[in-house]
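Presented below is the structure to which this report refers.
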Amino acid sequence: MSTPAIEMRGIGKRFPGVAALNDVSLVCHAGEVHALVGENGAGKSTLIKVLSGVYQPDDGEIVVDGSAARFRHPVDALHAGISVIYQEFSLLPERTVAQNIFLGRELARNGMLRQAAMRAETRRVLDMFGAGKRIDPDALVVDLDVASQQMVEIAKAIALNAKVLVMDEPTAALNEAECRKLFETVDALRAHGTAVIYITHRMREVTRLANRVTVLKDGEIAARFETVPQPAAIVRAMVGRDIADFYAPFAQPDELGATILAVRGGGNAALRDINFELRAGEILGFAGIQGAGRVALGMAIFGALPFETGAMTLAGESVRFMHPRQAIRAGIGLLPGDRKGEGLALMQSVRDNGMLTSRALGSLAASHKRNRFADLGRMDALLDRMEVKAASYEQEIRLLSGGNQQKAILARWLSLEPRVLIFVEPTRGIDVNAKARIYHLMRDLARAGAGIIMISSDLPEVIGAADRILVMREGAIVAEHGRGASETAIMLDATGEKEAAA
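For the sequence shown, this note's numbering begins at 2 and goes up steadily by one.
Shown next, in the form of structure tokens:
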């Protein structure tokens, strides 16, 4: 077999009181996609920081193209051809695509920037992955969609002549169509001879892309697969239980109550003629491609982007929410898809984040007793119930994993005893074990009588968790599917291909 593009041998990394990595080895060849999986806290991020020069290993060595290497700084790793694309992009939004790709290494002659040369090279690199026609080198990054920004990050790495590309949860912010484009790009990288280390929590991505799989657990190798096995085997190695246990059982007919929320003829600038009912005890899933209107619908129900036409009833009473405060007081909560940007005060404690909404409402309406909440003990009990793992609830919430941050937001809403909870991308960027906990918490809330709206771009989780699925396209609900529907049937409706074929 050829010399590996990158090899990590017996890597160990210790922090005060914690052995983050112990005897971890990983090999990736040119033209190979090696999936690195494991729960949050398994050691994946630490291993990648060692590989990229952020941390220096306490034990072991890194070998690049057969030669031992030591990276004392991330720049050393970049010079060796190792590039990492993190979940949170490192692009400058107010600069162009070409400026971002050549940031810090601009082409110049006689003190003048060679703009045309940088644009041409940007176009060449983008064309390598079929993105040249849809991404203009002169476009501002802020004007690009998330998938295109992801392509720019990849192009930036390739322009640096990266031999090894590490992709950390690259589909966390992408919808189905964007994921397919990314997969095609990874295939092109493989064909180009790039070694790709692919970190993901999504099993279907592993089976679609990977040549080999390494599973980390508690800082050690839990399993190595030289060929990609069935997802169940990977999940068992990660968390010690079967994938079938991830989703709670669907609601039985006698567990569903009366209609708790109904929309008739709802519309605004992003939505048209929205009609649906949500029953108490039901998890209602909304599927569709990006721009279909799913998130806009959640925002309309929540009063953030109010309905301009139509009618809405909550527990049989007519309501019209022009602001989220009105929706919250009526018993509707929303967990945003962007936890850090929209749902958390990152520098505040776990406990304070849990109490943000109740405190705000209490200050707005002291007479509204249902939303007054100042009992620290009760919040701690809710955080315990959500199984939030933190050194203490005084710890800054930015230091928690994504799954624990999500559970803290859920505790916030439970303190208000909501009748309807809207989950937007409920498991984005969290590990499989935390996902299972979120799914079961959603089912527990439904069984307690709440109505759950689940908006997700992850079709397998919609199919696995929702009792009923509504498909949206171009701002309208175009189809309904029962529990356990196929991905193919849903995507045909979401893209309009079913109608085109009729």
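Yeah, the Cβ is synthetic: ideal placement off N, Cα and C, and Gly gets one too.
Let's see if you can read the secondary structure: which residues bound the alpha helix (DSSP H) around Ala132? As a working mapping, residue 132 is identified with position 131 in the sequence shown. Segment: none, Ala132 is in no alpha helix (DSSP H) and carries neither H nor E.
7 Å CB neighbourhood of Met300 in its chain, flanking five on each side removed: Numbered from 1 along the sequence shown, position 299 holds the residue referred to as residue 300. Excluding positions up to five away in sequence, the list reads Leu306.
Range covered by the beta strand (DSSP E) that runs through Ile261: Along the sequence shown, one-based indexing puts residue 261 at 260. It spans Thr260 to Gly268 - the beta strand (DSSP E) in which Ile261 sits, taken as one unbroken run.
Write down the C-beta distance between Pro47 and Leu27 rounded to the nearest angstrom, noting that I regard them as a contact closer than 8 Å. Within the sequence shown, residue 47 is the residue found at index 46, counting from 1. Within the sequence shown, residue 27 is the residue found at index 26, counting from 1. It is Thr, not Pro, that sits at residue 47 in the sequence shown. At roughly 13 Å, the Cβ-Cβ gap does not stay under 8 Å, so Thr47 and Leu27 are not in contact.
Spatially closest choice to Leu166 from Ala238, Asn212, Val34 and Lys45, by CA coordinates: Taking the sequence shown and counting its residues from 1, one reaches residue 166 at position 165. Minimum Cα distance to Leu166 is reached at Val34.
Would you decide whether Thr228 is buried or exposed? Buried here means 16 or more other CB atoms lie within 10 Å of its CB. The count along the sequence shown starts at 1 and reaches residue 228 at position 227. When all chains shown are included, Thr228 counts as exposed.
Among the residues of its own chain, which have a CB less than 7 Å from the CB of Pro419, if the five just before and after it don't count? Counting from one through the sequence shown, the residue named residue 419 turns up at place 418. So the qualifying residues of the chain are Gly332, Ile333, Gly334 and Ala451.
Return the CA-CA distance between Tyr56 and Pro17, expressed in angstroms with no decimal places. Residue numbering aside, residue 56 sits at position 55 when the sequence shown is read from its first letter. Residue numbering aside, residue 17 sits at position 16 when the sequence shown is read from its first letter. One C-alpha to the other measures close to 14 Å.
Start-to-end residues for the alpha helix (DSSP H) that takes in Lys164: Here the question's residue 164 lines up with position 163 in the sequence shown. Note, Lys164: premise wrong, no alpha helix (DSSP H); not H, not E.
What's the gap between the Cα of Arg321 and the Cα of Leu262? By 1-based counting over the sequence shown, the position of residue 321 is 320. By 1-based counting over the sequence shown, the position of residue 262 is 261. Those two C-alpha atoms are separated by around 12 Å.
For Met313, which beta-bridge partners are listed by DSSP? One-based indexing of the sequence shown puts residue 313 at position 312. The partner list for Met313 (beta bridge, DSSP) reads Val264 and Val320.
Please name the residue in Ile222, Gly44 and Ile155 whose C-alpha comes closest to that of Glu185. As a first step, residue 185 must be located in the sequence shown, where it is residue number 184. If we check each option's Cα against that of Glu185, Ile155 comes out closest.
Counting only runs of 4+ residues fully inside the segment 176 to 222, write out the alpha helix (DSSP H) ranges in chain order. 177 to 193 and 204 to 210
Spatial neighbours of Ala109 within its chain, please: C-beta separation below 7 Å, excluding the five flanking residues on both sides. Position 108 of the sequence shown, counted from the start, is the residue given in the question as residue 109. Taken in chain order, the residues that qualify are Arg115.
I need the straight-line Cα distance from Arg125 to Gly497, nearest angstrom please. On the sequence shown, residue 125 is found 124 positions in, with the first residue counted as 1. On the sequence shown, residue 497 is found 496 positions in, with the first residue counted as 1. If you take the alpha carbons of Arg125 and Gly497, they lie about 33 Å apart.
Nearest to Arg135 by CA position, among Val98, Lys164 and Met168, is which residue? Here residue 135 refers to the residue found at position 134 of the sequence shown. Arg135 has its Cα closest to that of Val98, out of Val98, Lys164 and Met168.
So what does DSSP say about Thr97, is it helix, strand or coil? In the sequence shown, counting from the first residue as 1, residue 97 sits at position 96. Thr97 falls in the strand class under three-state DSSP.
As assigned by DSSP and simplified to three states, the class of Ser364: Taking the first residue of the sequence shown as position 1, residue 364 is located at position 363. Because Ser364 sits at a pLDDT of 43, beneath the cut-off of 50, its placement in the model cannot be relied upon, and the following sentence gives the value as read from the coordinates. The answer is helix: DSSP assigns Ser364 an H, G or I state.
For the alpha helix (DSSP H) holding Met380, just list the boundary residues, first then last. Sequence index remark: in the sequence shown, residue 380 carries index 379 (1-based). Unbroken alpha helix (DSSP H) run through Met380: Leu377 to Arg386.
Okay, do the segment 438 to 445 and the segment 346 to 365 touch, 3+ Cβ pairs below 8 Å being the bar? no
Other residues of its chain near Val142: CB distance less than 8 Å, five sequence neighbours each side excluded: The residue labelled residue 142 in the question sits at position 141 within the sequence shown. Within the same chain, Val142 has close Cβ partners Leu92, Leu93, Pro94, Glu95, Arg96, Thr97, Val98, Asn101, Gln150 and Val153.
In this structure, does DSSP put Asp128 in helix, strand or coil? Counting from one through the sequence shown, the residue named residue 128 turns up at place 127. Reduced to three states, the DSSP call for Asp128 is helix.
Which ranges does the alpha helix (DSSP H) cover as unbroken runs of at least 4 residues, wholly within the segment 30 to 61, from first to last along the chain? 45 to 52
Secondary structure at Ile439, three-state DSSP: helix, strand or coil? The residue you call residue 439 lines up with position 438 of the sequence shown. Helix, per DSSP.
Whole angstroms are fine: how far does the CA of Gly344 sit from the CA of Glu8? The sequence position of residue 8 within the sequence shown is 7, counting from 1. The sequence position of residue 344 within the sequence shown is 343, counting from 1. Distance between the alpha carbons of Glu8 and Gly344 is about 39 Å.
Tell me, please, which residues DSSP counts as bridged to Phe424. The residue given as residue 424 occupies position 423 in the sequence shown. Looking at the DSSP assignment, Phe424 forms a beta bridge with Leu336 and Met455.
Cβ-Cβ separation, Glu40 to Val433 (assumed contact under 8 Å), whole Å: Position 432 of the sequence shown, counted from the first residue, corresponds to residue 433. Position 39 of the sequence shown, counted from the first residue, corresponds to residue 40. Confirmed, about 7 Å.
Cβ neighbours of Asp468 in the same chain (closer than 6 Å, five flanking residues each side left out): The count along the sequence shown starts at 1 and reaches residue 468 at position 467. These residues qualify, in order along the chain: Phe251, Ala252, Glu283, Ile284 and Arg484.
Buried/exposed call for Lys370, threshold 16 Cβ in 10 Å: Position 369 of the sequence shown, counted from the first residue, corresponds to residue 370. Any reading at Lys370 must be qualified, since the residue scores a pLDDT of 46, below 50, and its modelled position is unreliable; the value itself is stated next. Result: exposed.
Residue range of the alpha helix (DSSP H) that includes Glu488: Here residue 488 refers to the residue found at position 487 of the sequence shown. Glu488 to Thr496 is the span of the alpha helix (DSSP H), which, as asked, contains Glu488.
Sheet register partners of Gly13 (DSSP bridge): Here residue 13 corresponds to residue number 12 of the sequence shown, with the count starting at 1. Answer is Asp60, bridged to Gly13.
Taking DSSP as the reference, what is the three-state secondary structure of Ser402? Within the sequence shown, the letter at position 401 stands for residue 402. Note: Ser402 maps to coil in three-state DSSP.
Measuring CA to CA, which of His324, Ala392 and Glu278 is closest to Ala259? Here residue 259 is taken as the residue at index 258 of the sequence shown, counted from 1. For Ala259, the nearest C-alpha among the options comes from Glu278.
Please tell me whether, using a cut-off of 7 Å, the distance from the CB of Val142 to the nearest non-hydrogen atom of the ligand SAM is below it. No copy of the ligand SAM appears in this structure; indeed no ligand is present at all.
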